[in-house]
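Below: one structure, written as structure tokens.
Protein chains: 2
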Amino acid sequence: MSCGTSLSEWHPHVKADMYSPAMSLHYALLGLLAEAPASGYDLTARFGEVLGHIWPARHPAIYGELGRLAEDGFIELESEGPRRRKAYRITPKGLEEVRAWLTAGEVDHTPRLEPLLRSCFFWLMEPEDLRAYLDREAEYFRSLVEKYTSYAAAKDHGEFGTGARVQSLRVTVEAGIRLYQALADWSDWAARVPPAQPDPEDGIETNR
Amino acid sequence: MSCGTSLSEWHPHVKADMYSPAMSLHYALLGLLAEAPASGYDLTARFGEVLGHIWPARHPAIYGELGRLAEDGFIELESEGPRRRKAYRITPKGLEEVRAWLTAGEVDHTPRLEPLLRSCFFWLMEPEDLRAYLDREAEYFRSLVEKYTSYAAAKDHGEFGTGARVQSLRVTVEAGIRLYQALADWSDWAARVPPAQPDPEDGIETNR
DNA sequence: ACATGACATGTCATCTCTGACATGTTTACT
DNA sequence: AGTAAACATGTCAGAGATGACATGTCATGT
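Those protein sequence lines, which keep their order, are chains A and B. Under my numbering, the first sequence has 43 at position 55, and the numbering climbs by one with no breaks. Under my numbering, the second sequence has 115 at position 127, and the numbering climbs by one with no breaks.
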């Protein structure tokens, strides 16, 4: 082992972080329903369009969570529409729930980004493959920056109104722009890091 | 519904992205074992120290995946040590597996960042709570930038050697620095966005 | 001789999400 | 009148991860 915290700190009978793995959908749905009543179908669409780029969710997860939320009194049936459509409305209890999360909930700061995980293992790649990969990535990140930038510009010209919800979305988009810009710059930077010397310490062949 | 792609594109019988939810641990373990043989305990420690800040994993998941990996011939028993310790070594098949992932696997670019999800719902918070939250976040992100920066400086002074694996880690750390810097700047920026007007379009009270 | 703590591996109930499958309803075009 | 497409909701087996629980091994100090 290299540098390190003692393992037994976490191991035997210690209460861990208690960070909820994906209670996120629970709050995400409440947050969306705080805007306006919606059906599972509507919510699925919203995940497909915008939120899903940050926090993916498919319809089985959504319908399932909707059922649980209703059971627990965080939301309630608002109306039944034409094709079996069921729209839900958030209850005061639900609104309190999501607000408590926002102001008092533990924040998980882990950046679960697959490209970052991959970067730990770049040393296993051939230099030319790595180079090609990083170029592709930089390109892709730049295209996202462009996409979000144009959305932000439209918003700043008042195209979607000036309400609080739109303003929140604008803030989220700004995060996207800055994050993807950072990732694009990082990819460019990484592509210019010289390939390493073969590592003497281990038996596995590194990138030649 | 607002702007949007037709839902039926994904719905009826279309093959979805097939993006693997967390096949990531499978590859992460292979990547770590490509460096040197290790036991479940060692690998758990490494997740706790470094990798876990990017991709968390607890010991039950690790021991479980290790078993599957061995069953499938991606890794093999290297040695049995003092206290039931079992160290595994990656096989040629396993090395091929992780390399194929790195060079040919689909990349999932979704930034699963809880702070970003939260930002979609900032409009539900009281302005002063939001302000306090953003200040705390900015502070925290800055502390991470500092931490990773000092690590990078140590590395650049040759403190951990110059091997390929260390160089990869340096690249990952650079991503962390840039990402957290972007997030710190974003938090500062967001704290200075003026609170929105009450939104006329819906019935739920927004931040006053 | 024995207790303690670090080392080390495992099981299990439970939770969440996913892809595949299944189904019913309404509109629009031909 | 018929059929295709969009609208809309659901079930289910299975994968993957988690916290809690359980157990066994070795070194050290008393």
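Note that beta-carbon positions come from the ideal geometry of N, C-alpha and C, so glycine has one too.
Whole-angstrom distance between residue j and residue i, CA atom to CA atom
{"i": "A58 (chain B)", "j": "E64 (chain B)", "result": "5 Å"}
{"i": "E134 (chain A)", "j": "D173 (chain A)", "result": "14 Å"}
{"i": "D5 (chain B)", "j": "H97 (chain B)", "result": "Residue placement at D5 (chain B) cannot be trusted, given a pLDDT of 37 that sits under 50; the coordinates are not used to answer."}
{"i": "R46 (chain A)", "j": "E125 (chain A)", "result": "26 Å"}
{"i": "E151 (chain B)", "j": "K81 (chain A)", "result": "Contrary to the premise, residue 151 (chain B) reads as Gly rather than Glu in this sequence. Cα to Cα, the separation comes out at about 56 Å."}
{"i": "G61 (chain B)", "j": "G93 (chain B)", "result": "20 Å"}
{"i": "L13 (chain A)", "j": "H145 (chain B)", "result": "44 Å"}
{"i": "A179 (chain A)", "j": "E116 (chain A)", "result": "10 Å"}
{"i": "P259 (chain A)", "j": "Y29 (chain B)", "result": "Residue 259 (chain A) lies beyond the residue range present for chain A, which begins at -11 and ends at 196; the question has no answer from this structure."}
{"i": "G55 (chain B)", "j": "A49 (chain B)", "result": "10 Å"}
{"i": "V154 (chain A)", "j": "F148 (chain A)", "result": "7 Å"}
{"i": "D123 (chain B)", "j": "Y15 (chain B)", "result": "37 Å"}
{"i": "S175 (chain B)", "j": "E66 (chain A)", "result": "36 Å"}
{"i": "I42 (chain B)", "j": "A33 (chain A)", "result": "29 Å"}
{"i": "E84 (chain B)", "j": "T137 (chain B)", "result": "33 Å"}
{"i": "V181 (chain A)", "j": "V38 (chain B)", "result": "21 Å"}
{"i": "W177 (chain A)", "j": "W177 (chain B)", "result": "25 Å"}
{"i": "G40 (chain A)", "j": "P70 (chain A)", "result": "27 Å"}
{"i": "L31 (chain A)", "j": "E102 (chain B)", "result": "19 Å"}
{"i": "C(-9) (chain A)", "j": "F35 (chain B)", "result": "The predicted position of C(-9) (chain A) is uncertain, since its pLDDT is 37 and thus under 50; a value taken from the coordinates is nonetheless stated next. Rounded to whole angstroms, C(-9) (chain A) to F35 (chain B) spans 12 Å at the Cα level."}
{"i": "P183 (chain A)", "j": "P183 (chain B)", "result": "49 Å"}
{"i": "Y168 (chain B)", "j": "Y168 (chain A)", "result": "12 Å"}
Status (buried if at least 16 other CB within 10 Å, exposed otherwise) for residue i
{"i": "A142 (chain A)", "result": "exposed"}
{"i": "E68 (chain B)", "result": "exposed"}
{"i": "S156 (chain A)", "result": "buried"}
{"i": "G164 (chain A)", "result": "buried"}
{"i": "G52 (chain B)", "result": "exposed"}
{"i": "T194 (chain A)", "result": "Bear in mind that the predicted position of T194 (chain A) carries a pLDDT of just 47, short of 50, making it too unreliable to give a figure here."}
Contact check, residue i vs residue j, beta carbons under 7 Å
{"i": "L118 (chain B)", "j": "F110 (chain B)", "result": "yes"}
{"i": "V161 (chain B)", "j": "Y128 (chain B)", "result": "no"}
{"i": "L90 (chain A)", "j": "M113 (chain B)", "result": "yes"}
{"i": "I78 (chain A)", "j": "L17 (chain A)", "result": "no"}
{"i": "R166 (chain B)", "j": "R100 (chain A)", "result": "no"}
{"i": "R197 (chain A)", "j": "S27 (chain A)", "result": "For chain A, the structure presents residues -11 to 196; residue 197 (chain A) sits outside this window and is missing."}
{"i": "V86 (chain B)", "j": "G19 (chain B)", "result": "yes"}
{"i": "S131 (chain A)", "j": "V159 (chain B)", "result": "no"}
{"i": "A75 (chain A)", "j": "P25 (chain A)", "result": "yes"}
{"i": "A213 (chain A)", "j": "A170 (chain B)", "result": "Because chain A here runs from -11 to 196, residue 213 (chain A) falls outside it and cannot be looked at."}
Of the residues that make up the segment 129 to 147 of chain B, which ones have a beta carbon closer than 7 Å to any beta carbon in chain A? none
Please give me, in chain order, every unbroken run of the beta strand (DSSP E) with length at least 3 that falls completely inside the segment 2 to 88 of chain A. 63 to 68 and 74 to 78
>> Against chain B, which members of the segment 44 to 66 of chain A pass a CB distance test of less than 7 Å?
In response: P44
If you measure beta-carbon to beta-carbon, which residues of the segment 113 to 129 of chain A are closer than 9 Å to chain B? M113, E114, D117, L118, A120, Y121, R124, E125, Y128 and F129
Next on the checklist: Any C-beta of chain B within less than 9 Å: which residues of the segment 102 to 113 of chain A qualify?
Outcome noted: E102, P103, L104, L105, R106, S107, C108, F109, F110, W111, L112 and M113
query = Mind listing which residues of the segment 9 to 20 of chain B have their C-beta closer than 7 Å to chain A's C-betas, in chain order?
reply = S12, A16 and G19
**Every unbroken beta strand (DSSP E) within the segment 92 to 117 of chain B, with a cutoff of 3 residues, ordered by chain** = none
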